[in-house]
Amino acid sequence: MNESQCSELLEEHGIKPTANRIVVLKELVKALHPITLSELEYKILSIDKSNIFRALTLFREHHLVHVIEGGSEGVRYELCHSHDHDHDEDIHPHFYCEACQKTYCLDYTEVPEVQLPKGFEQKSSNLMIKGICPDCQSK
Numbered sequence: 497m498n499e500s501q502c503s504e505l506l507e508e509h510g511i512k513p514t515a516n517r518i519v520v521l522k523e524l525v526k527a528l529h530p531i532t533l534s535e536l537e538y539k540i541l542s543i544d545k546s547n548i549f550r551a552l553t554l555f556r557e558h559h560l561v562h563v564i565e566g567g568s569e570g571v572r573y574e575l576c577h578s579h580d581h582d583h584d585e586d587i588h589p590h591f592y593c594e595a596c597q598k599t600y601c602l603d604y605t606e607v608p609e610v611q612l613p614k615g616f617e618q619k620s621s622n623l624m625i626k627g628i629c630p631d632c633q634s635k
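Residue numbering for the sequence shown follows my numbering, beginning at 497 and increasing consecutively.
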């Protein structure tokens, strides 16, 4: 994704494109797996950790990224593939490999619907499955 495409995507989500936000977005696009703040900081040497975190927080508020909680390294970030800029309709489970510590998106696996007791209102969900990935099983 080039700079103008990044700017356009940010604007579509109601985010003013700045140089820092474009750099952070480019790294998120390049990431093959959900990525941690520390990994982004390592890849983006030109921006300090607090500015990267602020960009991620803004992206989350505007449904450009979603947060994956769990695994050994805490929170990971991933681009939303949602077409709705007000809601994150890109809900899918994730798999955490306990051997290599990578987190994988299970894009085409449905999250089971949970019937909440009366009076409870769901705002978000996070399904993390833990085990051993195929690469680590074959070693």
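Where a beta carbon is used, it is the ideal one built from N, C-alpha and C, also for glycine.
Query - Buried versus exposed call for L552 [16 or more other C-beta atoms within 10 Å across all chains shown] - result: buried
Query raised in the report: What are the start and end residues of each continuous alpha helix (DSSP H) run of 4 or more residues lying completely inside the region 500 to 535, in chain order?
Result: 515 to 526
Query raised in the report: If you draw a straight line from the alpha carbon of I548 to that of I587, how long is it in whole angstroms?
Result: 24 Å
Query raised in the report: Smallest Cα separation from Y604: which of F591, F555, Y538 and K626?
Result: F591
Requested in this report: Classify I511 as buried or exposed, calling it buried when 16 or more other Cβ atoms lie within 10 Å of its own Cβ.
Outcome: buried
Query raised in the report: What separation, rounded to the nearest whole angstrom, lies between the Cα atoms of E508 and Q501?
Result: In this structure, the alpha-carbon of E508 lies about 10 Å from that of Q501.
Query raised in the report: If you draw a straight line from the alpha carbon of E606 to that of N498, how long is it in whole angstroms?
Result: 32 Å
Requested in this report: Could you check if C596 is buried or exposed, using at least 16 other CB atoms within 10 Å of its CB as the buried criterion?
Outcome: exposed
Query raised in the report: Which whole-angstrom value is the C-beta distance of R572 and P630, which I expect to be below 8 Å?
Result: The pair is not a contact, with the Cβ atoms about 20 Å apart (cut-off 8 Å).
Query - H559 versus C576 - alpha carbon distance - result: For H559 and C576, the distance between alpha carbons rounds to 7 Å.
Query raised in the report: Who are the near neighbours of N622 in its chain, counting only those whose CB is closer than 6 Å to its CB and skipping five residues on each side?
Result: E565
Report task. Could you check what DSSP says for I587 in three-state terms: helix, strand or coil? Result -> coil
Report task. Using the DSSP secondary-structure output, state which residues sit across from T599 in a beta bridge. Result -> Y592
Query raised in the report: My guess is that K545 and L533 are in contact by the Cβ rule of under 8 Å, so how many angstroms apart are they, rounded?
Result: 7 Å
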